[in-house]
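**Q** Residues in the sequence shown are numbered consecutively from 17, following this note's numbering.
Take this structure, written in structure tokens, and hold onto it; I'll ask about it next.
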Amino acid sequence: MTRPVFRFAPSPNGELHLGHAYSALLNDRMAKEADGRLLLRIEDIDVTRCTRDFEQAIYRDLNWLEVGWEEPVRHQSEHFEDYAGALESLADAGLVYPSFMSRGEVRAIITEAEEAGRDWPRDPDGVPLFPSTERNLSDRERKRRIADGEPFAWRINVDEAMRHAGQTLFWIEGGAGPKGETGEIPATPRAWGDVVIARKEVPTSYHLSVVIDDALQGITHVVRGKDLFQATALQRLLQELLGLNAPVYFHHDLVLGEDGHKLSKSRRDTGLNSLREAGLTPSDIKRMVGLA
């Protein structure tokens, strides 16, 4: 019988905080209870913000919390060829297109539409959907602009991708969504519009790299915060397009600050290093996040 495989996947672009501690400890606990494996992945595709010092701090904090993981650690920055190959297959199937519009141009289109009385659609995070204008550029025009060195991003044509998938998508939720959703959850990728899948200088994005990594590492259980619940729909679409197995998802509650908002790495008062220096113990941290 194959053992369940869990993963904790932080980005080394700041110090871990109580929210990260909760997710790491929960993954560790669930892996042990299931007689499973726990892997550690360093999600460092943002090579400009991720640093070796922050990575070392991750190891230090996890060791302090007594969270164990299997070696070797996967670094996304060492596997761009994996993501480039997946991007190429999506491009060959006509499911992604190069987008050249700047943020200012996008804002202008949306502003003009809203001033004309049109309600512009927004994604689950409240961000306006990307205009579909560039879907219809000719291949000749795209190649010319790329050859001219114009900056661009690869975006998924979500309508074409859904036609290509050819079936109703869903995922299995072992936790609970924001409204208590559990079990078989319908996936609605169109809610996100034509999101960025990769960029000119980096052949991937969070959504693309995470589904590739989960598949290559044999992840069977993804345990992460509820802030990523809705994003699972887009990741399920990518898994279907690329022929990848879908893990079971478990979206857990978020650890909130005193103001009721999600914790961020800029809040040093909840950083594990600061709490450790203040004399707190791993047992204290477990009590603070409800895992004592």
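Ideal placement from N, C-alpha and C gives every residue a C-beta, glycine not left out.
How many angstroms separate the CA atom of I125 from the CA atom of P147?
**A** 8 Å
**Q** Kindly indicate which residue of V89, L270, R292 and L258 has the alpha-carbon position closest to the one of A192.
**A** L270
**Q** Note down, one range per segment and in chain order, each alpha helix (DSSP H) of at least 4 residues found wholly within the stretch 137 to 171.
**A** 155 to 163
**Q** Could you pull the DSSP bridge partners for A214 from this structure?
**A** W170
**Q** With respect to the beta strand (DSSP E) encompassing F186, which residues constitute its N-terminal and C-terminal limits?
**A** F186 to E189
**Q** Which runs of the beta strand (DSSP E) at least 3 residues long sit entirely within the stretch 211 to 258? Give them in chain order.
**A** 212 to 215 and 237 to 241
**Q** Per DSSP, K195 forms a beta bridge with which residues?
**A** BP columns for K195 are empty, so no partner.
**Q** Is T220 near the ligand HEM, judged by its Cβ being under 7 Å from some heavy atom?
**A** Because no ligand of any kind appears in the structure shown, any question about the ligand HEM cannot be addressed here.
**Q** Could you pull out every unbroken beta strand (DSSP E) segment of at least 3 residues lying fully inside the stretch 34 to 85, listed in chain order?
**A** 53 to 58
**Q** In the structure shown, what three-state DSSP assignment does G209 receive?
**A** coil
**Q** Measure from the alpha carbon of I201 to the alpha carbon of each residue in Q92, L250 and V227, then state which is nearest.
**A** L250
**Q** Rounded to whole angstroms, how far is the Cβ of Y38 from the Cβ of V305, which I believe are closer than 8 Å?
**A** 4 Å
**Q** Quick check on Y95: does DSSP put it in helix, strand or coil?
**A** The sequence given here has His at residue 95, not Tyr. In this structure, H95 counts as coil in the three-state DSSP scheme.
**Q** Leaving out the 5 sequence neighbours to the left and right, which residues in its chain are closer than 8 Å to H180 when beta-carbon positions are compared?
**A** A109, L111 and L257
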